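Remarks on the structure that follows.
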Amino acid sequence: MLPSLPPQLQALPSIPLWYGIICGSIILTLFVVRVFTIVYRYFSAKIVFYFSNRLLYPIAFAQVSKRMSRWNFLLVAGYILVNVVFVAIGPNNREAWSLRASRMAMMNLFILIFGKKISVIGQVLGMKYNSYANIHYLTGYLAVIEGLLHVFLSASQVTPISKIWPDPGFRGAVCLGAIFLTGFFQNKIYEIHKIAHWILIIILIQAIWAHMAERQMIYPVLWVSVWAFTVALSTLWRLSSILRGRGLGKVCIKKFDTALQVHLKVRKPWRPSPGTYVHLTIPFLSTFSLFQSHPFAIAWWPEEVCDAESNFVFLIKPHRGVTLDLLQCSADKWYTAIVDGPYGISFPIDTYGTVFIIATGIGIAGVLPYIKNTITGYNSFDVKTQEICLIWHLEREGDGEWVEDWMNEMLQADTKYILRIELYTPTRKTSDTQRGIMKNYGQHGRLRKIYEEPNWPSIFDQCMGRKRGKTAILTCVETEVEACLRELVVQHRDPNVSMHVHEFHPPAFGNMLKLFGDKNGINMKEIKQDSRTSPVALTRPNSNSGRRVTFESGGHRNMHKR
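As C-alpha cells, this is what we get:
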C-alpha cells in the first residue's frame, strides 16, 4: 500500500490535467476555425448571391414603391407583426388592452429619443442615413398608432367636451395625431417640418408627464431623462467640434443655370471619404436659417489638403427651404456656416476589378468622389480596380458644366487610362447633330457623348460584355431607373456582379427644374424646350486634340480652350 501524499502535493496531479485541457481546447478551437473557414469560403458566395438575387435586389411591390426591396418589406412586416402580437396577446379585456397599448407606445417612444441625431446613431451602428431614418419613421408611426389606440380604448362612450379638452391625455392624443399627419409633408416642407416636429414633441412630453403624474412615473421619468441626455450630448458634440476647428466654416456660392456649387472652407483640415456628408447651418442666410440644418453630400475636394484649412464643394439643385434661399446669395460673398459632421458610409468599390458607375442628373454629385478616390488609389497601387466606366444621363446639355473642371482633373490624374465616361444628353435638333450620333472627346476618346435617351437594358448588356473579374455597379439614379437596373441585375444572375445603391436619390427630371426656374424668373416653357434644343456642345471632338474637355454653353458660359 502506497503511503498517502502530503496535502500540499495532492493538488499536483490536477495541474497536468488542466494543462492537457487547455492544449486540447486550443487545438479544438483551431480545428473548428479551420472547418468554419473552409465551409464559409465554399458557401458564402452562394449564400450572398442567393440573398442578393432573391431578397436584396428585387422590388417587393413595384406598384406601391419602387425603392422597397423584398428584404426591406420582410423587415418592415416583421417589425409591425411583432408590435401587433405584443399588443394583442395576453390582455383579455378593454382596460388591459389599453394599458398594453400605452406601454408599447412608451417603449417605441423610448427608441425614438435617439432620433435626435440620426446621423450619429447611424454612424455608430454602421447604417446608412436613410436606413436608420426609415427605422425612426416606422417606429414613430407605430408609437402614434398605439398611443391613439390607447386613447380610443380608454375613452368613455359619453364624455362631455368640457371634461375632454383639459385632460392631458387628450392633448397628447392631439399631438400624436398632428405628428402622424405632418409626417406625410416632410419632403414638401423639410425645415418647417423639423421645427413643428420638435414643438409637438415638447407638448407631447408635457402631456404624457401630466397624464401619468398619478400613475407609474417610471416611464416618463426614464424617457425624459434619456431624451435630455441625448440632447445635451449632441449639443456638447457640436460645441466641441466648433472648438476643434471643424464646426465653423465659411461658404460661398457659384451659380450655374440649373444648379449651385456651395464651396465650404473649414479651419482644421481633414480628408473626406466617398459618401461623406455634413449638416450645414447658415445663420445669416435668412430670418429663420439659424434653426435650419440641411444635409449635403461632399461632391469634390482638392487633392492636396492645406495645413491651415480644407476646402469642400457641394453640388445641389435648389428645392425648398435652405437650398432655395441659397439662390439669393451673392456670388462674391462668404457666409458663416455651422458644420456638423462628417458622416456617411462608403461602399468598398476598390475591391472590384471593374466598376460601372451610373448617375442621372444631380446624382453625379454622389458618385464623383468614388471615381476620384479610386483613381488616386490606383496611382498609388492601393486598389484592385482595373477599369471604371461612368455613365451619366444629363437632363440638359448645359448641365455638364457643373462638373467640367472636376472631370478634366480626373482625366489628367488618370495616367493609366482606366476611366471612361459616357454622357447621354438630350438630342440637339440641329443640322449637324442627329439622334443617336456619338462623338468622342479627349485623348484616346475616353469621353463619349451620345445624343439620345439611354436604353438601360442595352447599356447593361454592353457593360456586362466588357466586365473583367468581380464587377460592381454603383448607382445614384432616380427611382424608375433604379428599379430597372435592379431587375436587370436579378435577371443576369451572375454571382460576380454586385449592385450598390447610393443613399441619395436624385429627383426625376423636371421635378425641381420648375421651382428653380420660377425663382430666377425663367420661363418654364422655354426651359423645357431648351432641354431638347440647347445649343451646347463639347469642343475638340477629335480624339487627338488633347486631354482637356470643355463644355460650352452658348447663352451663359463660354469656356476658353486651355
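Read in order, the letters of the sequence shown are residues 1 to 562 in UniProt numbering. In this text, a Cβ means the ideal position worked out from N, Cα and C, and glycines have one as well. Here the structure is a predicted model, which is why all the values come from computation and not from measurement.
Counting along the chain, residue 171 sits inside the alpha helix (DSSP H) bounded by residues 168 to 182. Here residue 262 is near residue 326, since their CB atoms are less than 8 Å apart. For residue 300, DSSP records a beta bridge to 313.
Straight through space, the alpha carbons of residue 110 and residue 420 are spaced by roughly 50 Å.
Residue 181 places its beta carbon 8 Å or farther from that of residue 143.
Residue 393 is positioned such that its CB atom lies closer than 8 Å to that of residue 360. One thing to note: residue 205 has its Cβ within 8 Å of the Cβ of residue 224. The three-state reading of DSSP puts residue 56 in helix, counting H, G and I together.
The three-state secondary structure of residue 253, taken from DSSP, is strand. Counting C-beta atoms within 10 angstroms of its own C-beta, residue 50 has fewer than 16 neighbours from the protein chains shown and is therefore classed as exposed. Residue 404 carries a helical assignment under DSSP once its states are collapsed to helix, strand and coil.
Contact check between the region 265 to 285 and the region 365 to 385: three or more CB pairs, one atom from each, fall below 8 Å, which counts as touching. Only exposed fits residue 23, as fewer than 16 other CB atoms lie within 10 angstroms of its CB. Taking the Cα positions, residue 150 is about 25 Å away from residue 185. For residue 354, the enclosing beta strand (DSSP E) starts and ends at 354 to 360. Note: residue 340 is bridge-paired with 279 in the DSSP secondary-structure output. Residue range 364 to 379 is occupied by the alpha helix (DSSP H) that includes residue 372. The beta-bridge partner set that DSSP reports for residue 392 consists of 359 and 423. Here residue 283 is exposed: its Cβ has fewer than 16 other Cβ atoms, across all protein chains shown, within 10 Å.
Residue state for residue 328 is assigned as helix, using DSSP reduced to three classes. About 6 Å separates the beta carbons of residue 403 and residue 364, which is inside the 8 Å limit, making them a contact pair. As DSSP reads the structure, residue 387 sits in a beta bridge with 354.
In this structure, the straight-line span from the alpha carbon of residue 348 to that of residue 195 is close to 36 Å. Contact between the region 379 to 386 and the region 339 to 355 is present, with at least three C-beta pairs closer than 8 Å. With 16 or more neighbouring CB atoms inside 10 Å of its own CB, residue 83 falls in the buried class. The continuous beta strand (DSSP E) containing residue 447 extends over residues 447 to 451. When the beta-carbon positions are compared, residue 264 and residue 322 stay at least 8 Å from each other. Beta-bridge partners of residue 294 (DSSP): 280. In its chain, beyond the 5 residues on either side, 354 have a beta carbon closer than 7 Å to the beta carbon of residue 467. Comparing C-alpha distances from residue 315 to each of 292, 105, 366 and 463 shows the shortest one belongs to 366. In the DSSP assignment, residue 261 falls within the beta strand (DSSP E) that extends over 260 to 266.
Note on residue 229: under 16 other CB atoms within 10 angstroms of its CB, so exposed under the neighbour-count rule.
When secondary structure is reduced to three states using DSSP, residue 472 falls in the strand class. Under the DSSP assignment, residue 499 falls in the beta strand (DSSP E) whose first and last residues are 497 to 501. Between the alpha carbons of residue 497 and residue 145 lies a gap of roughly 42 Å. The beta carbon of residue 175 is closer than 7 Å to those of 200, 203, 204 and 207 in its chain, skipping five residues each way along the sequence.
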